[in-house]
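Structure record follows, encoded as structure tokens.
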Amino acid sequence: MSSTTTSTAQTSTPSLPTEQNPYLARAYATTSLSSTRALYDEWATKYDSDLPATEYQAPTLAADAIASIIGSSLPTSTILDAGCGTGLVGALLAGRGAKTIDGVDLSPGMLDVARKTGAYTELNECDLSQPMTQSDESYDVIVCVGTLTRAHVGPEVLSEFVRVVKKGGLMVATVLGDIWVSGGYKARVDELREGGRVDVLSCETIGYRVKAGLGAKLVVMRRCE
Ligand SMILES: C[S@@+](CC[C@H](N)C(=O)[O-])C[C@H]1O[C@@H](n2cnc3c(N)ncnc32)[C@H](O)[C@@H]1O
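Residue numbering for the sequence shown follows UniProt numbering, beginning at 1 and increasing consecutively.
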């Protein structure tokens, strides 16, 4: 297991546009793991209706990216959805033919909602700001959507994804646009690429939450052999 020091995402970047949704406003301003967990436990049953696919496009774009690369291997691929929340990504991947999807998340309330999707093989609580408990090289694909964001999980987890994904495996993550550089995510991706650990297949700016005018990076990496 990696001994990398971990942290939550930096919060010292400029203010986001005013949020209409009180849960979203709180999500970007939480100051402790317990307050983040409590927020998502409270939000869990309303989250999907608060963030319909027309507004929150990241899950669809990530699932599309995976399906377009993996194609017909989706049913035989083992997938870890890191920060799975209510299971939006898992449900989309299952709809595209994925059969083995595990999910991990900080919030038991979000995991309860994810369980009801029927998309996941296993669901477990975890804190992604700490080294992961998964064994080396245990998944074909790791997807992480909406969780590398302000006051959530810092860039160190990207090194953990490289450890946990199989050689040649795929990692697909979104990172909130305005902390991509200031939060150290770009630097971590560059370091992994320059160190020969990953190939960066794409790193596009995407519309993340349409009404809020927020963008994100959608990073697609393959672990080197
Ligand atoms: C905005 S939601 C995204 C959920 C889902 N991936 C989606 O796209 O709808 C962020 C998720 O990150 C989880 N989270 C926040 N901090 C975390 C941490 N330290 N470890 C694991 N999960 C965390 C929250 O519980 C929440 O489910």
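Backbone N, C-alpha and C define an ideal beta-carbon position, used for all residues, glycine too. Remember, predicted model here, so these are calculated numbers, not experimental data.
Checklist entry - DSSP state of Ser129, grouped into three classes? => result coil
Item to check | Closer than 7 Å: Asp178 CB and nearest ligand 1 heavy atom | outcome: no
Next on the checklist: Let me check you understand the geometry: is the CB of residue 247 closer than 7 Å to at least one non-hydrogen atom of ligand 1?
Outcome noted: Because the chain is modelled from 1 through 225, residue 247 falls outside the range shown and cannot be assessed.
Checklist entry - If you measure from the CB of Cys224, is any heavy atom of ligand 1 nearer than 7 Å? => result Cys224 Cβ: outside cutoff for every heavy atom of ligand 1.
Next on the checklist: Using only the alpha-carbon positions, how far apart do Leu33 and Gly87 sit?
Outcome noted: 20 Å
Checklist entry - Between Ser34 and ligand 1, is the CB less than 7 Å from at least one heavy atom? => result no
Next on the checklist: For Ala204, report the span of its beta strand (DSSP E) as first-last.
Outcome noted: For the sequence presented, residue 204 should be read as Glu rather than Ala. Annotation for Glu204: the continuous beta strand (DSSP E) segment containing it runs Val198 to Arg209.
Checklist entry - Quick one: is Gly95 buried, meaning 16 or more other Cβ sit within 10 Å of its Cβ, or exposed? => result Looking at its Cβ environment, which holds fewer than 16 other Cβ atoms inside 10 Å, Gly95 is exposed.
Next on the checklist: Which same chain residues end up closer than 7 Å to residue 275 when comparing Cβ atoms and leaving out the 5 residues on each side of it in sequence?
Outcome noted: One cannot answer for residue 275 here, as it falls past the ends of the chain, which runs 1 to 225.
Item to check | 7 Å Cβ shell around Ala44 - same chain, five flanking residues per side excluded | outcome: Thr86, Ser107, Gly109, Met110, Asp112 and Val113
Checklist entry - Between Leu74 and Asp102, is the Cβ-Cβ spacing less than 8 Å? => result no
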